[in-house]
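Notes follow once the structure below has been shown.
Residue numbers (my numbering): 494 to 805.
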């Protein structure tokens, strides 16, 4: 049924493209016959819409990896930069939230670790929707922010870092074998919203996979059992993605080897001072309107990355 809905959606999009093209041709003919500039403008508007929708469909044809159609699990962690880095991590969370809203993807925040002074230390959200992982996988890496620090009394420029990790949400029939001895499971009291039961019991769960030092946590469900189940789902996804990345056949062959969330590792820079520019260092894609990007306008970076992967 899922595949049926996907194909029906694609057929509907193709029909819409044919309609736009037909309408544009009719407007052109009428504009030529009547010499009406407004009809010519209507034709141009139809073609602009056609180009935009056709481009989006073409980009989607690049999403051919095994799990590209899946929902995505997005994890954000603050890095070097102190309070500024924590504030930057929260800004990134907002950016991806706005992007998801624009795509009409459903989001669920399963873990949020706030700092009492400013920003967040970490956050994990599940983005539900077709091709969510295919698009968001291009955001995996370290993101760098340069700005005048609101936390510096001298008003100096500050560079801060945050990392974004994206893994596919696995289908229920995909099983990952994990040695129970490789897991450390901790429980703690939830710090988020959820009512008296959530905040007065140790319902939140943190699971550490010792060989890789991957840590996942969940605190949005009411019971410890539910949080543990969801955290394990996230861990399965992260381990499987890491195994594929390192071309390993078995999970127990994985060892921790992660880059630092600091200088020299960034995939993208967001500069607010002394000029405004967002630049992706992998594709050289640039956008001068930083606020537009921070409001969720990251499609040009995603598209450029997908095109670059195709050419590679």
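Ideal placement from N, C-alpha and C gives every residue a C-beta, glycine not left out.
Spatially closest choice to residue 657 from 760, 545, 639, by CA coordinates: In the chain shown, counting from the first residue as 1, residue 657 sits at position 164. Of the candidates 760, 545, 639, 760 places its Cα closest to the Cα of residue 657.
Given 8 Å as the limit, is there contact between the stretch 594-604 and the stretch 760-771, that is, 3 or more CB pairs closer than that? Taking a contact to require three or more Cβ pairs closer than 8 Å, the stretch 594-604 and the stretch 760-771 do not qualify as touching.
Check whether the stretch 515-523 and the stretch 535-542 are in contact - that is, three or more C-beta pairs closer than 8 Å. Three or more Cβ pairs closer than 8 Å define a contact, and the stretch 515-523 meets that threshold against the stretch 535-542.
For residue 655 and residue 582, which I take to be in contact (beta-carbon distance under 8 Å), what is that distance rounded to the nearest angstrom? Position 162 of the chain shown, counting from 1, holds the residue named residue 655. Position 89 of the chain shown, counting from 1, holds the residue named residue 582. Beta-carbon to beta-carbon, residue 655 and residue 582 are separated by about 4 Å, close enough to satisfy the 8 Å threshold.
Indicate the three-state DSSP secondary structure (helix, strand or coil) for residue 766 in the structure shown. As a position in the chain shown, residue 766 is number 273, starting the count at 1. For residue 766, the secondary structure class from DSSP, reduced to helix, strand or coil, is coil.
Buried or exposed for residue 678, going by 16 or more other Cβ atoms inside 10 Å? Counted from its first residue, the chain shown places residue 678 at position 185. By the 10 Å Cβ count, residue 678 comes out exposed.
State yes or no: is the C-beta of residue 622 within less than 9 Å of the C-beta of residue 564? On the chain shown, position 129 is the one that residue 622 refers to. On the chain shown, position 71 is the one that residue 564 refers to. In this structure, residue 564 lies closer than 9 Å to residue 622 by Cβ.
As a quick exercise: from 616, 580, 644, 606, pick the residue whose alpha carbon is nearest that of residue 637. If you number the chain shown from 1, residue 637 lands on position 144. Selected option, being the one with the closest Cα: 580.
Beta-carbon separation (whole angstroms), residue 618 vs residue 567, contact threshold 8 Å: Counting from 1 along the chain shown, the entry for residue 618 is found at position 125. Counting from 1 along the chain shown, the entry for residue 567 is found at position 74. Confirmed, Cβ separation roughly 5 Å.
Who does residue 711 pair with in a DSSP beta bridge? The residue given as residue 711 occupies position 218 in the chain shown. BP columns for residue 711 point to 698.
Distance check for residue 513 and residue 542, CA to CA, integer angstroms please. The residue labelled residue 542 in the question sits at position 49 within the chain shown. The residue labelled residue 513 in the question sits at position 20 within the chain shown. One C-alpha to the other measures close to 8 Å.
Three-state class that DSSP yields for residue 727 in the structure shown: Residue numbering aside, residue 727 sits at position 234 when the chain shown is read from its first letter. Three-state DSSP puts residue 727 in a helix.
Just to confirm the assignment, what range does the beta strand (DSSP E) spanning residue 561 have? Position 68 of the chain shown, counting from 1, holds the residue named residue 561. Where residue 561 is concerned, there is no enclosing beta strand (DSSP E), because DSSP gives it neither an H nor an E.
I'd like the span of the beta strand (DSSP E) that includes residue 681, first residue to last. In the chain shown, residue 681 corresponds to position 188, counting from 1. For residue 681, the enclosing beta strand (DSSP E) starts and ends at 676-681.
With C-beta atoms as the reference, is residue 734 less than 9 Å away from residue 775? Stepping through the chain shown from its first residue, residue 734 is reached at position 241. Stepping through the chain shown from its first residue, residue 775 is reached at position 282. No, these two residues do not count as a Cβ contact at 9 Å.
Nearest by alpha-carbon distance to residue 838: which of 589, 593, 576 is it? The chain is shown from 494 up to 805; residue 838 falls before or after that span and cannot be answered.
What do you get for residue 796, buried or exposed, if any count of 16 or more other CB atoms within 10 angstroms of its CB means buried? Numbered from its first residue, the chain shown carries residue 796 at position 303. If you draw a 10 Å sphere on the C-beta of residue 796, you find 16 or more other C-beta atoms in it, and that means buried.
Whole-Å CB distance - residue 604 paired with residue 712, under 8 Å assumed: Position 111 of the chain shown, counted from the start, is the residue given in the question as residue 604. Position 219 of the chain shown, counted from the start, is the residue given in the question as residue 712. About 6 Å; that satisfies the 8 Å criterion.
Within the stretch 599-654, note down every full beta strand (DSSP E) run reaching 3 residues or more, in order along the chain. The stretch 599-654 contains these whole beta strand (DSSP E) runs: 599-607, 613-621, 634-641.
Work out the CA separation of residue 508 and residue 751 for me, nearest whole Å. Residue 751 sits at position 258 when you count from the first residue of the chain shown. Residue 508 sits at position 15 when you count from the first residue of the chain shown. Below a pLDDT of 50, predicted positions are generally treated as unreliable, and residue 751, at 48, falls in that range; the measurement from the model is reported next regardless. Between the C-alpha atoms of residue 751 and residue 508 there is a straight-line separation of about 46 Å.
Let me check understanding here. Comparing Cα to Cα, which of 571, 574, 699 lies closest to residue 708? By 1-based counting over the chain shown, the position of residue 708 is 215. For the options 571, 574, 699, the alpha carbon positioned closest to that of residue 708 is the one of 699.
Looking at C-alpha atoms only, which residue of 697, 532, 614 is the closest neighbour of residue 722? Residue mapping note: residue 722 aligns to position 229 of the chain shown, counting from 1. In terms of Cα proximity to residue 722, the closest of 697, 532, 614 is 697.
Residue 768: which of 758, 781, 777 sits nearest, CA to CA? Along the chain shown, read from residue 1 onward, the residue named residue 768 stands at position 275. Just measuring C-alpha positions, the residue of 758, 781, 777 sitting nearest residue 768 is 781.
Residues sharing a beta bridge with residue 568, DSSP: Sequence index remark: in the chain shown, residue 568 carries index 75 (1-based). Bridge partners of residue 568: 617, 658.
Inter-residue spacing [alpha-carbon to alpha-carbon] between residue 554 and residue 562: On the chain shown, position 61 is the one that residue 554 refers to. On the chain shown, position 69 is the one that residue 562 refers to. Each residue's Cα considered, the two are about 11 Å apart.
Rounded straight-line distance, which links the Cα of residue 778 to that of residue 793: Residue 793 sits at position 300 when you count from the first residue of the chain shown. Residue 778 sits at position 285 when you count from the first residue of the chain shown. About 8 Å.
Separation of residue 528 from residue 551, as counted between CA atoms: Translated into positions along the chain shown, residue 551 becomes position 58. Translated into positions along the chain shown, residue 528 becomes position 35. About 35 Å.
Is any heavy atom of the ligand MG found at a distance shorter than 8 Å from the C-beta of residue 592? Among the ligands in the structure shown, none appear at all, so the ligand MG cannot be discussed.
Which two residues bound the contiguous alpha helix (DSSP H) that contains residue 534? Indexing the chain shown from 1 puts residue 534 at position 41. 530-553 is the extent of the alpha helix (DSSP H) around residue 534.
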